Structures are given as structure tokens and as C-alpha cells.
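J.: Would you mind keeping the following structure in view while I ask a few things?
In full-length UniProt numbering, the protein residues as written are 1 to 321.
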């Protein structure tokens with residue numbers, strides 16, 4: 001990209017690209033990093049060890065790049081948004097005119113789950129727009145599933161090709177985009193739940209989860225589940241449509257808890273990803289805190305209900321809903 005085009009852009013410049021080999025990955029990422037280094041601006045990379053090592057080997061001065069090795073960076077979408085916002089705030093306070101970032105969000109092509117990260121790719125267009133950020137999201141075209149690629153193309157305003165061409169993305173749906181992949185059902189949800197409660201209090205839901213879950217997952221994850229189910233039941237009772245139904249499934253090393261009501265659920269696409277003190281769906285803080293925890297939290301919408309699903313323990317083989 002010519003410096004003139006980038007210099008005229010304010011806010012978050014969010015760009016995607018697809019590559020089919022290490023050489024194509026190199027053609028996309030090296031000019032991006034080198035342009036940031038040439039302007040003496042912070043360059044932050046959140047890749048796994050293999051890709052980080054490749055990038056280091058391709059750069060003349062890799063010491064100028066900040067490589068984030070913490071796997072927890074992409075533990076949850078809400079945590080990634082918050083972590084990066086803190087990083088942007090520190091760099092801007094230190095006088096950085098722009099911050100350059102690139103990283104890999106989880107999806108089936110790299111061994112992760114894309115559920116939740118679809119909303120992340122859309123959300124960062126607005127929640128980072130107050131900062132002078134240029135972000136580049138590169139996906140391996142040989143492994144990325146088609147539904148994931150579809151979301152990526154609908155949530156990125158700009159596209160970068162391996163030939164080095166930067167262009168506006170005709171498929172971009174704007175800040176209000178709500179592109180999502182379907183939430184896969186957990187295999188346990190096809191069986192009879194260990195516990196089913198109708199219109200329980202938050203305390204009753206916590207007690208039931210504690211009784212069936214203690215010893216199945218580590219104590220920290222169970223504590224996170226207990227906090228999450230408490231927040232979910234409280235939100236459902238205060239802002240949902242009764243009845244509120246809690247279902248809990250327990251396996252040898254896994255717990256699944258669904259909190260369902262008959263309402264529409266949160267209507268703001270940012271719900272759970274950032275704190276929303278003025279949101280119509282309660283304060284929005286409890287849902288955000290739940291999404292920061294070391295558990296899987298999924299928002300599931302149907303024509304006649306809303307479910308917040310919480311999971312901890314071994315990652316299951318998902319099945320289609």
C-alpha cells in the first residue's frame with residue numbers, strides 16, 4: 001500500500017488475505033511487517049510458534065517486532081478484544097502514530113473452533129476504531145472451511161492479494177454486519193441431562209452444577225462455570241421471557257450447562273464481547289465477564305428461544321444442529 005493511502009485513513013484499517021503456501025504467506029506478511037518497521041511504529045504479531053519462526057527467518061531485523069507467545073491471547077474473543085485494546089492504549093499513550101498487528105484466530109483449519117470468532121471479526125471494525133490500528137488477518141486457503149471464509153470476506157473492509165494489491169472489499173457488510181457460522185451442538189446435548197431445572201434461582205443453579213460437576217473438571221474451570229451459570233440465570237430471569245430452563249450434562253471429564261429462556265436474547269451484536277453499560281440486555285457486564293472466563297460460552301438463537309451454553313473440560317467432537 002502506498003503511504004499516501006494509509007496516511008489518509010484514520011481508525012482501524014482491517015484487512016484480510018488468503019494464501020495457499022508458505023511462499024504466498026511470506027508475500028503477504030513480510031511487506032506488511034517491513035512497512036511498519038520502516039515507519040518506526042509498533043508491530044505486534046500473534047502467530048503460533050511455527051509461523052512466528054518462519055517470519056523471524058524472513059525478516060532482516062526481527063528484533064523490532066513484538067511476538068506474543070502467550071497462547072491465552074486468543075483464549076476467548078472477549079479476552080482478545082480487551083487485551084488488544086489495552087495494548088493499543090499503551091502504545092498511543094507512548095506516542096505511537098499507528099500500531100500494526102497480525103494474528104491467527106482459532107478455526108477448524110488450524111485446530112480450533114470459529115464459533116464466537118465470527119462475531120469478533122465483525123466487532124473489531126467498531127470496537128477498535130478509536131485507535132490508529134492497521135490489522136492484517138491472513139487465512140490459509142488450503143485449510144480454512146468455506147463457511148469461515150464466507151464470514152471473513154463479509155467482515156473485512158479491505159482485501160490484500162498475494163500479488164500485493166490492496167482493494168476495497170465488495171462483500172463487506174459494514175459495521176452492523178452479523179455474519180455468523182452456525183453454533184454446533186455438543187454431543188452431550190443429544191442425551192438426557194443429568195439435571196433439569198425450571199425457573200431456578202441463581203443459587204439453585206449453582207448448587208446443582210456444583211453437585212454434579214465437582215471432580216469432573218479442574219476446580220478453576222468449575223468455579224468459572226459456577227460464575228457463568230449464575231450470571232446466565234440472573235440475566236434470563238431479569239431480561240428473558242419465562243420459563244427459564246437450566247440443563248446440565250456431565251461426562252467423565254466434561255461439563256455442559258444450557259440456560260434457556262423464551263425471549264430473543266441480546267440484540268446487539270457486540271453483546272458479550274465488550275462491556276455494555278447502556279445495553280438494553282441488562283447491564284451487559286455479566287455477559288461480558290462470562291465471555292472472559294476460561295470456559296466456552298456460546299450464544300444460541302432460535303425462532304422461539306435464546307440459550308447461553310457453557311462448557312468446560314475436554315474439547316468434544318461437535319455435531320451439526
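No residue lacks a Cβ here, since even glycine has one placed at the ideal position from N, Cα and C.
These numbers come from a predicted model, not from an experiment.
I need the DSSP call for residue 160, collapsed to helix, strand or coil.
T.: Counting from one through the chain shown, the residue named residue 160 turns up at place 160. Three-state result, residue 160: strand.
J.: With respect to the alpha helix (DSSP H) encompassing residue 32, which residues constitute its N-terminal and C-terminal limits?
T.: Here the question's residue 32 lines up with position 32 in the chain shown. First-last of the alpha helix (DSSP H) with residue 32: 22–38.
J.: With burial defined as no fewer than 16 other Cβ atoms inside 10 Å of the residue's Cβ, what is the status of residue 45: buried or exposed?
T.: In the chain shown, counting from the first residue as 1, residue 45 sits at position 45. Under this definition residue 45 is a buried residue.
J.: Does the beta-carbon of residue 214 have 16 or more other beta-carbons within 10 angstroms, so that it is buried, or is it exposed?
T.: Reading the chain shown from its first residue, position 214 is the one you call residue 214. With fewer than 16 other Cβ atoms from the protein chains shown falling within 10 Å of its own Cβ, residue 214 counts as exposed.
J.: Give the straight-line distance between the Cα atoms of residue 53 and residue 147, rounded to the nearest whole angstrom.
T.: Walking along the chain shown from the start, residue 53 turns up at place 53. Walking along the chain shown from the start, residue 147 turns up at place 147. Each residue's Cα considered, the two are about 29 angstroms apart.
J.: Compare the C-alpha of residue 59 against each of 303, 37 and 224 and name the closest.
T.: Residue mapping note: residue 59 aligns to position 59 of the chain shown, counting from 1. Here the closest residue by C-alpha is 37.
J.: So, under 8 angstroms CB-CB, residue 47 and residue 104 are touching, yes? Tell me the CB distance rounded to an integer number of Å.
T.: The residue you call residue 47 lines up with position 47 of the chain shown. The residue you call residue 104 lines up with position 104 of the chain shown. Yes, they are in contact, since the Cβ atoms of residue 47 and residue 104 sit about 6 angstroms apart, within 8 angstroms.
J.: Do residue 262 and residue 241 have their C-beta atoms closer together than 8 angstroms?
T.: Sequence index remark: in the chain shown, residue 262 carries index 262 (1-based). Sequence index remark: in the chain shown, residue 241 carries index 241 (1-based). The Cβ-Cβ distance between residue 262 and residue 241 falls below 8 angstroms.
J.: State the CB to CB distance for the pair residue 310 and residue 297, rounded to an integer number of angstroms; the pair is presumed to be in contact (CB under 8 angstroms).
T.: For the purposes of this step, residue 310 is taken as the residue at position 310 of the chain shown. For the purposes of this step, residue 297 is taken as the residue at position 297 of the chain shown. Correct: roughly 6 angstroms between the Cβ atoms.
J.: Which residue comes first and which comes last in the beta strand (DSSP E) that contains residue 231?
T.: On the chain shown, position 231 is the one that residue 231 refers to. No beta strand (DSSP E) holds residue 231; the alpha helix (DSSP H) holding it covers 219–239.
J.: Give the straight-line distance between the Cα atoms of residue 301 and residue 260, rounded to the nearest whole angstrom.
T.: For this step, residue 301 is matched to residue 301 along the chain shown. For this step, residue 260 is matched to residue 260 along the chain shown. Between residue 301 and residue 260, the C-alpha separation is close to 10 angstroms.
J.: Could you check what DSSP says for residue 104 in three-state terms: helix, strand or coil?
T.: To locate residue 104, count along the chain shown from 1; it is residue 104. Three-state DSSP puts residue 104 in coil, outside helix and strand.
J.: Pair every Cβ in the segment 171–189 with every Cβ in the segment 145–163, then say whether three or more of these pairs are closer than 8 angstroms.
T.: Yes, since at least three Cβ pairs between the segment 171–189 and the segment 145–163 fall closer than 8 angstroms, the two stretches touch.
J.: Where does residue 134 land, buried or exposed, given buried means 16+ other C-beta within 10 angstroms?
T.: Mapped onto the chain shown, residue 134 falls at position 134. Under this definition residue 134 is a buried residue.
J.: Does the segment 154–171 come into contact with the segment 89–107, if we say contact requires no fewer than three beta-carbon pairs (one atom in each stretch) closer than 8 angstroms?
T.: no
J.: How would you write the range of the alpha helix (DSSP H) that residue 83 sits in, first residue to last?
T.: Reading the chain shown from its first residue, position 83 is the one you call residue 83. For residue 83, the enclosing alpha helix (DSSP H) has its first and last residue at 77–93.
J.: Considering only the beta carbon of each residue, do residue 250 and residue 194 sit closer than 8 angstroms?
T.: Here the question's residue 250 lines up with position 250 in the chain shown. Here the question's residue 194 lines up with position 194 in the chain shown. Contact flag set, yes.
J.: From the DSSP output, in three-state form, read off residue 59 for me.
T.: Your numbering for residue 59 matches position 59 in the chain shown. Three-state result, residue 59: coil.
J.: Quick one: give me the first and last residue of the alpha helix (DSSP H) that residue 258 is part of.
T.: Start at 1 with the first residue of the chain shown, and residue 258 comes out as number 258. No alpha helix (DSSP H) holds residue 258; the beta strand (DSSP E) holding it covers 254–261.
J.: What residue ranges within the segment 161–214 form continuous alpha helix (DSSP H) runs of no fewer than 4 residues, ordered along the chain?
T.: Segments of the alpha helix (DSSP H) lying fully in the segment 161–214: 202–213.
J.: Tell me which residue opens and which closes the beta strand (DSSP E) that residue 299 is part of.
T.: Here residue 299 refers to the residue found at position 299 of the chain shown. It spans 296–301 - the beta strand (DSSP E) in which residue 299 sits, taken as one unbroken run.
J.: According to DSSP, simplified to helix, strand and coil, what is residue 305?
T.: Position 305 of the chain shown, counted from the start, is the residue given in the question as residue 305. Residue state, collapsed to three classes: coil.
J.: Hey, residue 128 and residue 74: beta-carbon distance below 8 angstroms or not?
T.: By one-based count along the chain shown, residue 128 stands at place 128. By one-based count along the chain shown, residue 74 stands at place 74. Going by C-beta atoms, residue 128 is not nearer than 8 angstroms to residue 74.
J.: Starting from residue 267, trace the beta strand (DSSP E) both ways and give me its first and last residue.
T.: Within the chain shown, residue 267 is the residue found at index 267, counting from 1. Neither: residue 267 is in no beta strand (DSSP E) and is coded neither H nor E.
J.: Expressed to the nearest angstrom, what Euclidean distance is found between the alpha-carbon atoms of residue 89 and residue 276?
T.: For the purposes of this step, residue 89 is taken as the residue at position 89 of the chain shown. For the purposes of this step, residue 276 is taken as the residue at position 276 of the chain shown. Going by the C-alpha atoms only, they are around 19 angstroms apart.
J.: Buried or exposed, going by whether 16 or more other CB atoms sit within 10 Å of the CB of residue 80?
T.: The residue you call residue 80 lines up with position 80 of the chain shown. Flag for residue 80 reads buried.
J.: As a quick exercise: from 225, 185, 136 and 256, pick the residue whose alpha carbon is nearest that of residue 31.
T.: Numbered from its first residue, the chain shown carries residue 31 at position 31. Residue 136 is the option with its Cα nearest to residue 31.
J.: How is the alpha helix (DSSP H) around residue 288 delimited, first residue to last?
T.: Working through the chain shown from its first residue, we reach residue 288 at position 288. Segment 285–292, the alpha helix (DSSP H) holding residue 288.
J.: Does the Cβ of residue 257 have 16 or more other Cβ atoms within 10 Å, making it buried, or fewer, making it exposed?
T.: Working through the chain shown from its first residue, we reach residue 257 at position 257. The residue is buried, with at least 16 neighbouring Cβ atoms inside 10 Å.
J.: Excluding the 5 residues preceding and the 5 following residue 26 in the sequence, name in chain order all residues of the same chain whose CB lies nearer than 7 angstroms to its CB.
T.: Here residue 26 is taken as the residue at index 26 of the chain shown, counted from 1. Taking residue 26 as the centre and dropping the five residues before and after it, the same chain places the C-beta of 58 closer than 7 angstroms to its C-beta, in chain order.
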